[in-house]
Amino acid sequence: MDDDPSRPFVGRFRELERLRSAAATATAGTSTVVLVSGPMGIGKSALVDTFVASVHEHFSVLSLEGSAHEKNSPFAAADRLLAPVRPGGLGAAGTGGGRTRAGAAHEGGDTADPSVLDVGAELLGALDSARPVLLRLDDAQDVDFNTLQACGFALLRLRGDRVLVVIGTDRPARTVADMGIKTMERRLERIELGGLTVPEARSYVRERLGRTPSEPWVMTLVEWSHGNPLYLEAVLGALPGVPADRLAIRMPSSLAEVVAEWARTSDPAGRRILDLLAVLDTPAPVPLLSRLLESDTVLADAQPLADRHMVVWSQESGVPLLGLLHTGQRQALYSALSQPERSRLHRRVADMVEPPERWWHQVAAAERFDPGLAATLRTAARQEAEAGQLALAARCSLASSQVDPSSSGRQEALLSAVRLLVVTGQYQSALHHRERVLHTPTGARRSEVLGLLDFAAGQDTSAHRQLREAWTAYEALGDRGSAAVAAAESGMTACSLGRGEEAMASSVFALRHSPDDVVRGMAHANAAYGQALVSSPARGLLRLGHLPDDPADVPSAETDSLTYRGMFRMLSGDLSGALGDLSVAARRRNWGMSRISMTGPLLYSVWCHFFLGDWRAAGRTLSVARDVARTAGRPMDFFAVHGLSSVLHAFAGQPQDASADLLEAAELELSLDFPGPGFHLSATRAIVEFGARNYERAASHLDRAYRDPAHAGRARLYALPHLPILGVARARSGEVERAAQVLRRLEAADGRGALHPIACDWVRGAVARARGDFDGAALAYRNALAVPHGCGDPVLIRTLVRCDLGELLLERGETDSGAAALREAESSFRVMGADVLAEQARSRAGDGPGTTTTARDVWGDLSDREKDVADLVARGWTNREIAAELCLSAKTVEYHLGNIYTKHGLRDRRELRDLVQERLA
Numbered sequence: 001m002d003d004d005p006s007r008p009f010v011g012r013f014r015e016l017e018r019l020r021s022a023a024a025t026a027t028a029g030t031s032t033v034v035l036v037s038g039p040m041g042i043g044k045s046a047l048v049d050t051f052v053a054s055v056h057e058h059f060s061v062l063s064l065e066g067s068a069h070e071k072n073s074p075f076a077a078a079d080r081l082l083a084p085v086r087p088g089g090l091g092a093a094g095t096g097g098g099r100t101r102a103g104a105a106h107e108g109g110d111t112a113d114p115s116v117l118d119v120g121a122e123l124l125g126a127l128d129s130a131r132p133v134l135l136r137l138d139d140a141q142d143v144d145f146n147t148l149q150a151c152g153f154a155l156l157r158l159r160g161d162r163v164l165v166v167i168g169t170d171r172p173a174r175t176v177a178d179m180g181i182k183t184m185e186r187r188l189e190r191i192e193l194g195g196l197t198v199p200e201a202r203s204y205v206r207e208r209l210g211r212t213p214s215e216p217w218v219m220t221l222v223e224w225s226h227g228n229p230l231y232l233e234a235v236l237g238a239l240p241g242v243p244a245d246r247l248a249i250r251m252p253s254s255l256a257e258v259v260a261e262w263a264r265t266s267d268p269a270g271r272r273i274l275d276l277l278a279v280l281d282t283p284a285p286v287p288l289l290s291r292l293l294e295s296d297t298v299l300a301d302a303q304p305l306a307d308r309h310m311v312v313w314s315q316e317s318g319v320p321l322l323g324l325l326h327t328g329q330r331q332a333l334y335s336a337l338s339q340p341e342r343s344r345l346h347r348r349v350a351d352m353v354e355p356p357e358r359w360w361h362q363v364a365a366a367e368r369f370d371p372g373l374a375a376t377l378r379t380a381a382r383q384e385a386e387a388g389q390l391a392l393a394a395r396c397s398l399a400s401s402q403v404d405p406s407s408s409g410r411q412e413a414l415l416s417a418v419r420l421l422v423v424t425g426q427y428q429s430a431l432h433h434r435e436r437v438l439h440t441p442t443g444a445r446r447s448e449v450l451g452l453l454d455f456a457a458g459q460d461t462s463a464h465r466q467l468r469e470a471w472t473a474y475e476a477l478g479d480r481g482s483a484a485v486a487a488a489e490s491g492m493t494a495c496s497l498g499r500g501e502e503a504m505a506s507s508v509f510a511l512r513h514s515p516d517d518v519v520r521g522m523a524h525a526n527a528a529y530g531q532a533l534v535s536s537p538a539r540g541l542l543r544l545g546h547l548p549d550d551p552a553d554v555p556s557a558e559t560d561s562l563t564y565r566g567m568f569r570m571l572s573g574d575l576s577g578a579l580g581d582l583s584v585a586a587r588r589r590n591w592g593m594s595r596i597s598m599t600g601p602l603l604y605s606v607w608c609h610f611f612l613g614d615w616r617a618a619g620r621t622l623s624v625a626r627d628v629a630r631t632a633g634r635p636m637d638f639f640a641v642h643g644l645s646s647v648l649h650a651f652a653g654q655p656q657d658a659s660a661d662l663l664e665a666a667e668l669e670l671s672l673d674f675p676g677p678g679f680h681l682s683a684t685r686a687i688v689e690f691g692a693r694n695y696e697r698a699a700s701h702l703d704r705a706y707r708d709p710a711h712a713g714r715a716r717l718y719a720l721p722h723l724p725i726l727g728v729a730r731a732r733s734g735e736v737e738r739a740a741q742v743l744r745r746l747e748a749a750d751g752r753g754a755l756h757p758i759a760c761d762w763v764r765g766a767v768a769r770a771r772g773d774f775d776g777a778a779l780a781y782r783n784a785l786a787v788p789h790g791c792g793d794p795v796l797i798r799t800l801v802r803c804d805l806g807e808l809l810l811e812r813g814e815t816d817s818g819a820a821a822l823r824e825a826e827s828s829f830r831v832m833g834a835d836v837l838a839e840q841a842r843s844r845a846g847d848g849p850g851t852t853t854t855a856r857d858v859w860g861d862l863s864d865r866e867k868d869v870a871d872l873v874a875r876g877w878t879n880r881e882i883a884a885e886l887c888l889s890a891k892t893v894e895y896h897l898g899n900i901y902t903k904h905g906l907r908d909r910r911e912l913r914d915l916v917q918e919r920l921a
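All letters in the sequence shown, in the order written, are residues 1 to 921 by the numbering used here.
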């Protein structure tokens, strides 16, 4: 039941390496046992199949697969295992002193009942081979008890034998106990398989369907199934091809049958627990389960399920909770329940819980329309919306749409619910209801909701058209209030399409006709963004003069405006001011207060950290942005995350990772229906090529983006971060006059702080150097380095300038001054985490390697999250401070620290701090 041999095998590199290491140990004369465990379908058999295929030439292989049909037949599995190696059998590997009943019959001898000692001795004989032997027990939980005992006896008797035993089971504790090998702990290697990661799942889907799916869709699929290949395969097998809708996951009946069959292998008490958890659809406190099941033995009854990876334990305020593994398992178990049984269980739960949970179960149990329940839900939805609890209001409206006897009432409740789902960033849930929305009558409200759904799906051009239609339709009805909302939402999509004039016009209408603070906040943000597109970020800032200086004092309804103020400050060069605004906006993320990207403040913060030279902070913030995108993101958010990640990888000297992220971004760009991502993709490619010192390509990519009339507004908006790259790249490619044109355009930009003058002098120096004016170049570079720190020091640009000055001085024969400048640049690059750039600077200065192999190797072996934790430990942060910075729990920080200490034999924080600081030395 665990695996289908036709499924693709992807990933599992660490697990394969551990198995190969165990094989090497066994070959050297130390018998070894590897226990591979995990839930049904996780890929235990596929892993072992792949491993066996890679080593079978060096081992004699004995294989046994458990069978539930013969589990109660003593030594039935042993008969099958030993048949090929008995005299006259296939490939005899040795002779044994004992005989099973089948073995005796095979030889025409006595058929007396065999003992564990008899079969164990025969198995020892089979393992006594001139070649190393690999004994494989698959689905060991279904092997009969007597055979497991005999295998355990044989394993305990092995000393100095070249035997590797690989046991696959979904009941590891029970299997070890049945075999009696607890005392072999030192020779027992445990591999517990988890689900496939998102990259592994994408590879799986690519091999399975022959096309590459979008990352957002795969993320949804992995979240739904925890990456279990059984669930992935079932969903993919039900699809005609790669789905266009990343959220359309349906439960195949075949999967429901398989999971139901798996559940039926549990005892009756366990099956009742599984059914109830499927109906509850959330981890449940054991006391509640006890009341619902009228049982005092829930803890004991649930433990076998946990041992088999069917359920998971957690805890809340000291109360044990029991839950299913993932949504896919819940849906499969729920689908397998008969409709009468579902209704019975929902009614049972509804009688024992309080609203709003009671309402959800009453709706699920309803077999006909219920006007009283619908009225209750409508009232609750209105009250929750008035209290600002829009997510709960959406759920109440959605429930009402299922039980309201009035057709118009159901439609109104549905449209209201879906609109609120989009507004609160629950894009996945909203898109699940698109088909129902399409079946509602045409009208202004339907157009508005369809526009919001298109926005959620990343189809901003279509969204803009629908929202404009809704605006016009509301006006024709004389509903100016609703028209103002649609106008503000239309302005939001106009901004993403780069249509500044439209954005400003929509804001004028919305401000004139709506007193609502949230709508007015949207309109203020649209007006500012439109102004920035038409003129410059600095002019956009002037439109936000109504905001308080202190970002903490900005009203929640103006969160979008606060995000844009941070963005415009960053694009104008005020990096520290930008971070102040963006950090407040990012930590608010008030549901219902923002129509723009929930990841926006985080992504703009990454750019600030990048220019400020704090690349560890950039990486940490990008990691949080990625997680936010998974829960409340649009395809455009994933595109932006990959684009930024590729830039960080490129400048950190990781070209393969940069290329992989660029490929992801390019694939996502194809799924979007508006030109903005194309502009950003070209700019990102240019920055990546610049980091790789491919200046002609860098210039070509940026030039293409900036010459396209469709991107005129974006070109004005992003001039300050992009033009220095374009100007220096043009100069280094020998296109001096075009570089000079870029310089003039950059000089005309309205900048703030140190970034603008340093950038201008950097390009000025590059142009002078390309013209052979070394004195002019040196003067420009020194002027750049002399610019006082203001509005945040752009350490990255300043350090690149210092590198160029050092190289120039070396070319002029000023060896000491040039080497000193390069060593100073190297030190700055080290602090940033740009080890490759640091080594390049050190090499140009004529010095040897600067980081000890130990420090470099340790750092390279850490995961991204472990690097974040280690970096902050080196700065003297406490676990609580680290947890707050990384949006983790303190226990998770402790977990990562424990992994770091174990991996590298470190004893405490001091040793870790010294190691990180050695790397930066």
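For each residue, glycine too, the CB sits at the ideal point set by N, CA and C.
Remember, it's a predicted structure, so these values are computed and weren't measured experimentally.
Burial of D868 is indicated by the presence of at least 16 other C-beta atoms within 10 angstroms of its C-beta.
Separation of A68 and D142 (C-alpha to C-alpha, rounded to the nearest whole angstrom) is 5 Å. Residue burial is scored here from C-beta neighbours: T493 has at least 16 other C-beta atoms within 10 angstroms and is therefore classed as buried. At least 9 Å separates the beta-carbon of L236 from that of L280.
V787 and I797 have their C-alpha atoms some 12 Å from each other.
Distances from the CA of N783 to each of G792, L670, L622 and R802 were compared; the closest alpha carbon is that of R802. DSSP lists L35 and L137 as the beta-bridge partner residues of I167. Put simply, the backbone Cα of Y901 is about 41 Å away from that of E669. With a 10 Å radius around the Cβ and a threshold of 16 neighbouring Cβ atoms, Q466 comes out buried. Fully contained in the segment 252-304 are the following alpha helix (DSSP H) runs of length 4 or more, in chain order: 253-264, 268-280 and 286-293. With a cutoff of 9 Å on beta-carbon distance, T30 and P132 are scored as not near each other. In this chain, the alpha helix (DSSP H) harbouring S659 covers P655 to L670. With respect to the C-alpha of V286, the residue from L305, V319, A269 and S506 having the closest C-alpha is V319. Here the segment 295-305 lies against the segment 260-271, with 3 or more beta-carbon pairs under 8 Å apart.
Within the segment 771-858, complete alpha helix (DSSP H) segments of at least 4 residues are found at 774-786, 795-811, 815-832 and 835-844, given in chain order. Here the alpha carbons of S115 and G180 stand approximately 16 Å from one another. Collapsing the DSSP output to three states places P8 in coil. By the 16-neighbour rule on beta-carbons within 10 angstroms, R875 is exposed. Within the same chain, Cβ atoms closer than 6 Å to the Cβ of R378 are found at S400, the five residues on either side in sequence being excluded. By the criterion of a C-beta distance shorter than 6 Å, V166 is surrounded in its chain by V34, V48 and R136, once the five residues flanking it on both sides are discounted. Taking the CA atoms as reference points, G765 sits about 26 Å from P537.
By the Cβ rule, the segment 52-63 does not count as touching the segment 346-355, because fewer than three pairs are nearer than 8 Å.
Pairing H433 with L398 gives a Cβ-Cβ distance under 9 Å. Within the segment 347-429, no run of beta strand (DSSP E) reaches 3 residues while sitting entirely inside it.
F455 is positioned such that its CB atom lies no closer than 9 Å to that of E502.
Contact between E412 and S447 does not hold, since their C-beta atoms are separated by about 15 Å, which reaches or exceeds 8 Å.
The residue from L277, L193 and G120 with its alpha-carbon nearest to that of L158 is G120. Annotated three-state conformation of L322 is strand, per DSSP. Assignment of V48 by DSSP, reduced to helix, strand and coil, places it in the helix class. Counting the other Cβ atoms within 10 Å of the Cβ of E384 gives 16 or more, which makes it buried.
Here DSSP, grouped into helix, strand and coil, assigns V869 to helix.
Taking all protein chains shown into account, R499 has 16 or more neighbouring C-beta atoms within 10 Å of its C-beta and is therefore buried. Remark: C-beta atoms of C151 and L123 approach each other more closely than 9 Å. With 16 or more neighbouring CB atoms inside 10 Å of its own CB, E664 falls in the buried class.
In chain order, A578, D581, L582, A585, P601 and Y604 place their CB closer than 7 Å to the CB of G566, counting only its own chain and leaving out the 5 sequence neighbours on each side. Following the DSSP letters along the chain, one finds Q459 in no beta strand (DSSP E), marked with neither H nor E.
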